[in-house]
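Residue numbers (my numbering): 21 to 218. Just below is one structure, and these are the notes that go with it.
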Amino acid sequence: MTLLEQSTVLVFDPDDMHNTSISLNGRVLCNVNTEHSGWKTIIHVRTAEGAEIASLQFRDMGLPSTKVRLNDEKPMSLGSWLHKRVLPFKNDVSFKDESGRQYKWKGNEPGRALEVNVDSSSIQPIAQFRKSYLDRKTDPHTIVQATLVMTYRAEEIRDLVVASFLLLERGRRVNERSVTNRADGLAAGRIGAGSTSR
Numbered sequence: 021m022t023l024l025e026q027s028t029v030l031v032f033d034p035d036d037m038h039n040t041s042i043s044l045n046g047r048v049l050c051n052v053n054t055e056h057s058g059w060k061t062i063i064h065v066r067t068a069e070g071a072e073i074a075s076l077q078f079r080d081m082g083l084p085s086t087k088v089r090l091n092d093e094k095p096m097s098l099g100s101w102l103h104k105r106v107l108p109f110k111n112d113v114s115f116k117d118e119s120g121r122q123y124k125w126k127g128n129e130p131g132r133a134l135e136v137n138v139d140s141s142s143i144q145p146i147a148q149f150r151k152s153y154l155d156r157k158t159d160p161h162t163i164v165q166a167t168l169v170m171t172y173r174a175e176e177i178r179d180l181v182v183a184s185f186l187l188l189e190r191g192r193r194v195n196e197r198s199v200t201n202r203a204d205g206l207a208a209g210r211i212g213a214g215s216t217s218r
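Here is the structure:
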């Protein structure tokens, strides 16, 4: 889906939601870093000057637990900030800005690309992720970097859009790899069964 002409393009280098730099017109806006400490993993999203925009903490042992912290606010459960929908759009995730306006992420599933809409009735997204890919039309082939394209409306809440995108895209990729691995395992099993039956 095409976005509005007036848009901001954020570039991710590298295309890794655990450790990356996010730039606008060649200038780094923020950095994403992941650190492991004992039983927990923390993903930090900081401005180029070092101010923390958001952090996400995972518990690696015992009962699963995910905490998110936005700016200087108190840590909260991820589910209290990003709300998953129920049927029929169980993969959609919504959040609100400081004014109480609601936004919805679509495409939060394997094989899809995330995009933000203002509400359920909106057709035009205000932000859209475009995956990195190898451009085979060039000689030599070149990698087109991953980008998050944002309209002026998304720019108004850029920190919220970037933070929520990073957290959702990380989880979406984990699920995507899991689906791919299961499919590969099933395919290998069928091939193995076929060879032993001969």
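Ideal placement from N, C-alpha and C gives every residue a C-beta, glycine not left out.
Requested in this report: Go through its chain and collect everything with a Cβ distance to residue 127's Cβ below 6 Å, but skip five positions before and after it.
Outcome: Numbered from 1 along the sequence shown, position 107 holds the residue referred to as residue 127. If the five residues before and after residue 127 are omitted, its C-beta is found closer than 6 Å to the C-beta atoms of 133, 134, 135, all from its own chain and listed in chain order.
Query raised in the report: Alpha carbon to alpha carbon, how far is residue 195 from residue 189?
Result: Along the sequence shown, read from residue 1 onward, the residue named residue 195 stands at position 175. Along the sequence shown, read from residue 1 onward, the residue named residue 189 stands at position 169. Those two C-alpha atoms are separated by around 10 Å.
Requested in this report: From the DSSP output, read off the bridge partner residues of residue 65.
Outcome: Translated into the one-based positions of the sequence shown, residue 65 becomes position 45. The partner list for residue 65 (beta bridge, DSSP) reads 52, 74.
Query raised in the report: Just to confirm, are residue 66 and residue 51 a CB contact at a threshold of 8 Å?
Result: Against the sequence shown, residue 66 aligns to sequence position 46. Against the sequence shown, residue 51 aligns to sequence position 31. Taking 8 Å as the cut-off, the beta carbon of residue 66 is found closer than this to the beta carbon of residue 51.
Report task. Please report the residue range of the beta strand (DSSP E) in which residue 89 lies. Result -> In the sequence shown, counting from the first residue as 1, residue 89 sits at position 69. Start and end: 86-90.
Query - Within the segment 91-120, ranges of the beta strand (DSSP E) (whole runs, at least 3 residues) - result: With a minimum length of 3 residues, the continuous beta strand (DSSP E) runs that stay inside the segment 91-120 are 113-116.
Query - Residues near residue 130 by beta carbon distance below 6 Å, same chain, minus five either side - result: Counting from 1 along the sequence shown, the entry for residue 130 is found at position 110. Excluding five sequence positions before and after residue 130, the CB atoms of its chain that fall closer than 6 Å to its own CB belong to 195, 196, 199, given in chain order.
Query raised in the report: Would you call residue 187 buried or exposed, if buried means 16 or more other Cβ atoms sit within 10 Å of its Cβ?
Result: The residue you call residue 187 lines up with position 167 of the sequence shown. Buried.
Query - DSSP-derived helix/strand/coil call for residue 179 - result: Sequence index remark: in the sequence shown, residue 179 carries index 159 (1-based). If DSSP states are grouped into helix, strand and coil, residue 179 belongs with the helices.
Query raised in the report: Taking the C-alpha atoms as reference points, what is the distance between residue 60 and residue 85?
Result: As a position in the sequence shown, residue 60 is number 40, starting the count at 1. As a position in the sequence shown, residue 85 is number 65, starting the count at 1. Residue 60 and residue 85: Cα-Cα distance of roughly 10 Å.
Report task. Since I believe residue 148 is in contact with residue 31 (beta carbons under 8 Å), could you give me their beta-carbon distance rounded to a whole number of angstroms? Result -> As a working note, residue 31 is residue 11 in the sequence shown. As a working note, residue 148 is residue 128 in the sequence shown. Actually they are not in contact, since the Cβ atoms of residue 31 and residue 148 sit about 14 Å apart, beyond 8 Å.
**Report entry** Where the beta strand (DSSP E) through residue 124 begins and ends
**Finding:** In the sequence shown, residue 124 corresponds to position 104, counting from 1. Residue 124: member of the beta strand (DSSP E) spanning 122-126, first to last residue.
Requested in this report: State buried or exposed for residue 184, treating a residue as buried only when at least 16 other CB atoms are found within 10 Å of its CB.
Outcome: Taking the sequence shown and counting its residues from 1, one reaches residue 184 at position 164. Buried is the call here.
Query raised in the report: Which residues in the same chain as residue 90 place their Cβ atom closer than 6 Å to its Cβ, once the five residues preceding and following it in sequence are excluded?
Result: If you number the sequence shown from 1, residue 90 lands on position 70. Cβ-Cβ distances below 6 Å link residue 90 to 74 in the same chain, with the five nearest sequence neighbours on each side left out; the list follows chain order.
Report task. Alpha carbon to alpha carbon, how far is residue 151 from residue 69? Give it in angstroms, no decimals. Result -> Reading the sequence shown from its first residue, position 49 is the one you call residue 69. Reading the sequence shown from its first residue, position 131 is the one you call residue 151. Within the model, the alpha-carbon separation for residue 69 versus residue 151 is close to 27 Å.
Query raised in the report: Just how far apart, CA to CA, sit residue 21 and residue 145?
Result: Numbered from 1 along the sequence shown, position 1 holds the residue referred to as residue 21. Numbered from 1 along the sequence shown, position 125 holds the residue referred to as residue 145. The predicted position of residue 21 is uncertain, since its pLDDT is 47 and thus under 50; no value can be drawn from it.
Query raised in the report: Relative to the C-alpha of residue 96, which residue among 169, 76, 113, 155 is closest?
Result: In the sequence shown, residue 96 corresponds to position 76, counting from 1. The shortest Cα separation from residue 96 among 169, 76, 113, 155 belongs to 76.
Query raised in the report: Thinking just about the alpha-carbon of each residue, which of 79, 105, 72, 102 is nearest to the one in residue 92?
Result: As a first step, residue 92 must be located in the sequence shown, where it is residue number 72. Its Cα nearest to that of residue 92, the residue 72 stands out among 79, 105, 72, 102.
Query - Alpha-carbon spacing of residue 182 relative to residue 104, whole angstroms - result: Indexing the sequence shown from 1 puts residue 182 at position 162. Indexing the sequence shown from 1 puts residue 104 at position 84. Using only the alpha carbons, I get a separation of about 18 Å.
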